[in-house]
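*Asks:* Quick one: structure below, then a few questions.
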Amino acid sequence: MESGGLRRAYDGLFAEVDAGGFGTAPEGQLSAEQIVAHLVANDELMIQATEALLAGSPFAYYELEEDIHRPQLDALAAEQGGLRGLTAMLHDTSDRLCGLVDQLGLAAETPVETHLREGFDLIVDESLPWSRTLDLHTRVHLPKHQAQLHMLRT
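Dropping the structure here:
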């Protein structure tokens, strides 16, 4: 497995963040800082699962639900000094994740118990090959948040 598509998805997201000019999020929506903090937290979880597979684990677990992390997202944003610090952190976590993905090889097909809920758009509650979860992250999750960031600018 290679990370080319994943890296391109992150590049699109970073272009949106770098464009800046974000307004206030509508009621119930994530702010730009919360979106980037959410992606950092998600990367950390994906890194843990990927490292487990690379260590030879025959099974791993990945769970992310957007709403339960809001207080932690705000704390992470404050800890990192806002959007600029969060973006630097996301560059680091995304690079680490992509580097690990490049090492996966056949381990990418290892089943990972995946629990992912982001609104009504993305709901997964099953065991999937890790490559499929990474594909969902690349093709659905990152573009969804890129679009949210774009909407906060317009």
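Take the sequence shown: its position 138, counting from 1, is numbered 137 in numbering that gives the first Met the number 0, and each next residue is one higher. The beta carbon of each residue, even a glycine, is placed where N, CA and C say it ideally should be.
Residue range of the alpha helix (DSSP H) that VAL139 falls in?
*Replies:* The residue given as residue 139 occupies position 140 in the sequence shown. Premise fails: VAL139 is in no alpha helix (DSSP H) and is neither H nor E.
*Asks:* Roughly how many whole angstroms lie between the Cα atoms of ASP66 and ASP134?
*Replies:* Counted from its first residue, the sequence shown places residue 66 at position 67. Counted from its first residue, the sequence shown places residue 134 at position 135. Because the pLDDT at ASP66 is just 48, under 50, the model does not fix this residue reliably, and the value given afterwards should be weighed accordingly. Answer to the nearest angstrom: the Cα atoms are 22 Å apart.
*Asks:* What whole-angstrom Cβ distance do TYR60 and ALA77 have, given they're in contact under 8 Å?
*Replies:* Counted from its first residue, the sequence shown places residue 60 at position 61. Counted from its first residue, the sequence shown places residue 77 at position 78. Contact flag wrong, Cβ pair sits at about 29 Å.
*Asks:* Using the C-alpha atoms, what's the distance from LEU52 back to ASP128?
*Replies:* Reading the sequence shown from its first residue, position 129 is the one you call residue 128. Reading the sequence shown from its first residue, position 53 is the one you call residue 52. As written in the sequence, residue 128 is Pro, which differs from the Asp given in the question. Roughly 11 Å between the two C-alpha positions.
*Asks:* Please specify which runs of the alpha helix (DSSP H), each continuous and at least 4 residues long, are wholly inside the segment 81-107, giving them in chain order.
*Replies:* You should have 82-102.
*Asks:* Are three or more beta carbon pairs between the segment 95-108 and the segment 137-151 nearer than 8 Å?
*Replies:* Short answer: they don't touch.
*Asks:* Out of HIS136, ALA87 and SER130, state which residue places its alpha-carbon closest to the alpha-carbon of ASP17.
*Replies:* Taking the sequence shown and counting its residues from 1, the one referred to as residue 17 is at position 18. It is ALA87 whose Cα lies nearest to the Cα of ASP17.
*Asks:* Whose CA, out of GLY4, GLU1, GLU32 and SER2, lies closest to the CA of GLU15?
*Replies:* Numbered from 1 along the sequence shown, position 16 holds the residue referred to as residue 15. Nearest of GLY4, GLU1, GLU32 and SER2 to GLU15, Cα basis: GLU32.
*Asks:* Would LEU72 and ASP42 be called neighbours here (beta carbons separated by less than 8 Å)?
*Replies:* Reading the sequence shown from its first residue, position 73 is the one you call residue 72. Reading the sequence shown from its first residue, position 43 is the one you call residue 42. No, the pair does not count as a contact, with Cβ atoms beyond the cut-off.
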